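S.K.:
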Amino acid sequence: MANLPIRPRRNRRHESIRSLVRETSLAPSDFIWPLFVKEGEGEREPIGSMPGCFRFGTDVLVEEAREAFALGVPAVALFPALVEGLKDPMAKESANPHGLLQRPIRALKEKVPGLTVITDVAMDPYSSDGHDGIVRDGEILNDETLDVLAAMSVSQAEAGADMVAPSDMMDGRVGYIRAALDETGHEGVGILAYSAKYASAFYGPFREALDSAPKSGDKKTYQMDPANVREAVREVLLDVEEGADMVMVKPGMPYLDVIAAVRANVEVPVAAYQVSGEYSMLMAAGQMGWLDAGAVMTESLVAFKRAGADMVLTYAAKEVARALNG
Ligand code: PBG
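Now the structure itself:
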């Protein structure tokens, strides 16, 4: 017998002991479910590179969101899949009061009133250039873009959005949007800022889902360099100063150190985004029979919480909520 007075395994002997000493919990209330909306009724169009994800027509989207809410998922984040003909260089369609995003916002607030509706603020789903800002001579214009983002935010708030989530990475946009919301009487509408958003190849499947890949160039002049973490803290602190109610780190799993650094530096709630490529990798390996997709999904989501995230945007929200409800 080894003389071992300290045996960490004693705290792992039974599930009930393990549950007492567990440091991190995962619950459906931690999740925000990102959803893609398209025109039409009864639509449920599968997204090839995201097994289990669909572009929903508004009516189907409302039913799906209702089910998720009943499972304990408190919020959805909406993204519009526009037909190419509605896209233009100024993303004009983004402020259409009867637009593709505005209609499901209204429908959700009417039919599932307790659900928090978060909306994406960025030009790319509406832009014929596929960028998050106005493009002129190959440059992404910062200050000119702020007006488009502000109008988009106000339009979403007018339709009933509870929070707007700028994902564009233009400088100064949080303060600019805050002022625009306040001036139009939407002081109760929150801002979830995509503060530390990296120029990541993990967004590939999402860009397929919305057909929103940049037509030329890349997003490296506005999204962050994956090599940087101090810069993430700087971005987050700026957004908090400008009035962000919550901040986000994105992508998630390859950036757990960034989540931890952000957590250590702000008091506002921190969200992390398990982006499309992360989701697709786990699901694809599951389909190949190489990994247990459900188990790796849950393990990954616990890791986000352990790193310091208060909430996680995940395409698996509804399925994991179902599993957690057991
Ligand atoms: C665009 C936006 C992107 C995502 C959310 N909002 C893609 C991009 O910046 O090119 C990615 C989400 C994902 O990959 O799941 N403003």
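As numbered in the working numbering, residues 5 to 330 make up the sequence shown, in order.
No residue lacks a Cβ here, since even glycine has one placed at the ideal position from N, Cα and C.
Just so it is clear, the structure is predicted and the values come from calculations on it, not from any experiment.
#1: Taking the C-alpha atoms as reference points, what is the distance between V125 and I10?
#2: Using a Cβ-based criterion (distance less than 6 Å to any ligand heavy atom), does A126 qualify as near the ligand PBG?
#3: Taking L119 as part of the beta strand (DSSP E), name the residues at either end of that continuous run.
#4: Within a Cβ cutoff of 7 Å, which residues of the same chain sit near S132, ignoring the five residues on either side of it in sequence?
#5: If you draw a straight line from the C-alpha of A268 to the C-alpha of D222, how long is it?
#6: Got a sec, what are the start and stop residues for the alpha helix (DSSP H) E43 sits in?
#7: Span of the beta strand (DSSP E) holding I144?
#8: Can you tell me which of A200, M250, E71 and F206 puts its alpha carbon nearest to the alpha carbon of A236?
#9: Output yes or no for whether 7 Å exceeds the beta carbon distance between G179 and E239.
#10: Take K309 and list the residues in its own chain whose beta-carbon comes closer than 8 Å to its own, dropping the five residues that flank it on each side.
#11: For I21, which residues from the same chain have a beta carbon less than 7 Å from its beta carbon, with the 5 sequence-adjacent residues on both sides left out?
#12: Here's the rule: buried if 16 or more other CB atoms are within 10 angstroms of the residue's CB, otherwise exposed. What is K254?
#13: Which word fits K42, buried or exposed, when buried means at least 16 other C-beta atoms lie within 10 angstroms of its C-beta?
#14: Heavy atom of the ligand PBG less than 6 Å from the Cβ of S220, yes or no?
#15: What is the DSSP secondary structure of L317, counted as helix, strand or coil?
#16: State the Cα-Cα distance for the pair V87 and D215, rounded to the nearest angstrom.
#17: Rounded to whole angstroms, what's the CA-CA distance from L39 to A6? Just pull it up for me.
#18: Can you say whether E19 is buried or exposed, counting buried as having 16 or more other CB atoms within 10 angstroms of its CB?
#19: Closest by CA to E47, which one among V66, D128, M54 and W37?
#20: Threshold first: 4 residues or longer. Then list the alpha helix (DSSP H) segments lying entirely within the stretch 207-283, N to C.
M.R.: The answer reads as follows:
#1: 53 Å
#2: At least one heavy atom of the ligand PBG is nearer than 6 Å to the Cβ of A126, so yes.
#3: Run containing L119: none; DSSP gives neither H nor E here.
#4: K91, D92 and P93
#5: 31 Å
#6: Careful: E43 lies outside any alpha helix (DSSP H) and carries neither H nor E.
#7: E143 to L145
#8: A200
#9: no
#10: T28, S29, L30, D34 and V316
#11: N15
#12: Under the 10 Å beta carbon count, K254 is surrounded by 16 or more other beta carbons and is classified as buried.
#13: buried
#14: no
#15: strand
#16: 9 Å
#17: 55 Å
#18: Counting Cβ neighbours within 10 Å, E19 comes out exposed, since fewer than 16 surround it.
#19: V66
#20: Here the runs fully enclosed are 208-214, 234-246 and 260-269.
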